[in-house]
Amino acid sequence: MAKQYAVIGMGRFGTSVASELYEMGYEVLGIDTNEDKIQDAVDFVTHAVTADSTDDNALKALGIRNFDVVVVAIGADIQASILTTLILKELGVKKIVVKAQNELHGKVLTKIGADKVVYPERDMGIRVAHNLISPNILDYIELSPEYSMIEIVANHKMVGKTLQETDIRKKYGCTVMAIKRGEDINISPLANDRIDQGDILVVIGKNDDLQTLEEEA
Ligand code: ADP
38 MAKQYAVIGM GRFGTSVASE LYEMGYEVLG IDTNEDKIQD AVDFVTHAVT ADSTDDNALK
98 ALGIRNFDVV VVAIGADIQA SILTTLILKE LGVKKIVVKA QNELHGKVLT KIGADKVVYP
158 ERDMGIRVAH NLISPNILDY IELSPEYSMI EIVANHKMVG KTLQETDIRK KYGCTVMAIK
218 RGEDINISPL ANDRIDQGDI LVVIGKNDDL QTLEEEA
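Letter by letter, the sequence shown follows residues 38 to 254 in the working numbering.
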């Protein structure tokens, strides 16, 4: 059976997660204390329910335990977010993903058993900053505090050269993991694969090394 998701909090972030899952064909339960939000959510979730997630009986009655993943997308009310996470954990929910407002909130969530903590504003801010340094940087994903992955449009110095000739590994210590060309993606590029105009390189490396590559791109 396809996975079932529940999203608690139909704010901007929760709405975005819920509607995307629904569009991809998954069953999604949307929960919010605010009735207006639930009225709006009816169009893009399978079921929309008005309930307070800090009330464990309400969550039990919804059968929250049976969902494969529960996303806690409560924004400003940190106390409600923490309480909800705790209740979900105690009810035995298999996978709990929670949006954190800040690092401290995130730490608490991890300590009480959140399986994944996300920081949408922080992560988007980082991406925008990297895109500002160089419009060629399409995406930036932090893999650990030390390593990241970027998507970069091949510049004029790279176009026409083979991967080996670009010297990306020797010069920057970074590795090209994939080359995107239109709809195609070459996931194991070889040293003698040639880079075309418009190609997008997926590069992994140390943050400092990637920054040097970004600045020169
Ligand atoms: P965003 O920044 O993603 O828009 P918000 O804080 O504006 O986040 O939205 C969070 C949503 O979570 C709101 O719609 C709010 O009504 C809902 N919410 C807050 N507390 C609870 C709760 N205890 N149970 C269910 N929904 C809640």
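Cβ coordinates follow ideal geometry from the N, Cα and C atoms, glycine included. Remember, predicted model here, so these are calculated numbers, not experimental data.
- Counting only the Cα atoms, residue 229 lies some 42 Å from residue 63.
- Relative to the non-hydrogen atoms of the ligand ADP, the Cβ of residue 56 never comes closer than 7 Å to any of them.
- For secondary structure counted as the alpha helix (DSSP H) over 4 or more consecutive residues, the stretch 53–118 holds these complete runs in sequence order: 72–78 and 93–98.
- The alpha-carbon separation between residue 197 and residue 203 amounts to approximately 9 Å.
- Here residue 212 really is in contact with residue 241; their C-beta atoms are around 5 Å apart, less than 8 Å.
- For residue 117, the CB falls within less than 7 Å of some heavy atom of the ligand ADP.
- Among the bridge pairs identified by DSSP, residue 199 is matched with 231.
- Contact between the stretch 139–158 and the stretch 117–130 is present: three or more C-beta pairs spanning the two stretches fall below 8 Å.
- The residues 47, 67 and 85, in chain order, have a CB closer than 6 Å to that of residue 78 in the same chain once the five nearest residues on each side in sequence are set aside.
- Spatial neighbours of residue 195 in its own chain (CB-CB distance under 7 Å, excluding positions within 5 residues in sequence) are listed in chain order as 203 and 232.
- Here residue 41 is bridged, per DSSP, to 64.
- Cβ contact annotation for residue 209 (same chain, cutoff 7 Å, sequence separation greater than five): 242, 246, 249 and 250, in chain order.
- Straight-line spacing of the CA atoms in residue 137 and residue 191 works out to 35 Å.
- Your pair residue 164 and residue 176 checks out as a contact, with CB atoms roughly 7 Å apart and the cut at 8 Å.
- Between the alpha carbons of residue 90 and residue 146 lies a gap of roughly 16 Å.
- For residue 158, the three-state secondary structure derived from DSSP is helix.
- Comparing C-alpha distances from residue 65 to each of 253, 42 and 238 shows the shortest one belongs to 42.
- Annotation for residue 58: 42 and 65 place their beta carbon closer than 6 Å to its own, counting only its chain and skipping 5 residues before and after.
- Counting other Cβ atoms within 10 Å of its Cβ, residue 182 stays below 16 and is therefore classed as exposed.
- Note: residue 185 is bridge-paired with 179 and 242 in the DSSP secondary-structure output.
- At a Cβ-Cβ threshold of 8 Å, residue 205 and residue 215 do not count as neighbours.
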